[in-house]
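One structure is given below, encoded as structure tokens.
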Amino acid sequence: MKIQNVLKLSYDDLDSDQQNIFLDIACFFKEESRDRVTNLLKACGFHPGIRDPVEKSLITISNKGTIEMHDLIQEMCWNIVHQESPKGPGSRSRLWDPNEVYAVLKYNKDLAMLQRQLLISERILGHFKQTRETVVRWYIYPRIALINLVLQETEDD
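Mapping of the sequence shown onto the working numbering: residues 8 to 164, in sequence order.
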């Protein structure tokens, strides 16, 4: 049995909300402050309990208070999200790769297909700033059929 299949058993044992929070952590918040992540998830309307993923050894909290996970676990999560739409990123619940974010923003006409919040981390925003493109912070809040786009121009200097 592949290691990722064994790891997925622990993931499958989480309830639906915990699975979603865990995927958010894997895609956006690895090595981020636990307090920052908890506050952000609360602001998005989630109960940000991360006890279950910690108890199942899917994530750990470092002495510095950051959320950590093994690279293989993160890769498993990326694969789970990728399987939502193997042919293209436009229907996936999460985008973290700058190239995929750009492709969705440029080519997808039906942006509302993304069902959960799409969060673009500062690391990804840095990639866009280097290309001197307009930076788009894009959030789709859960249970709200409204897309809120906030455009920020990057520095031209």
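For every residue, glycine included, the Cβ atom is placed at its ideal position computed from N, Cα and C.
| Query | Result |
| --- | --- |
| Mapping the DSSP letters down to three states, classify residue 17 as helix, strand or coil. | helix |
| How many Å lie between residue 52 and residue 10 at the Cα? | 33 Å |
| Using the rule of at least 16 other Cβ atoms within 10 Å of the residue's Cβ for burial, across every protein chain shown, is residue 20 buried or exposed? | exposed |
| Nearest CA to the CA of residue 73: which residue from 12, 33, 100? | 33 |
| Going by the DSSP bridge assignment, what does residue 74 pair with across the sheet? | 68 |
| State the DSSP-derived secondary structure class of residue 92, mapped to helix, strand or coil. | coil |
| Compute the Euclidean distance between the alpha carbons of residue 113 and residue 91, then round it to the nearest angstrom. | 20 Å |
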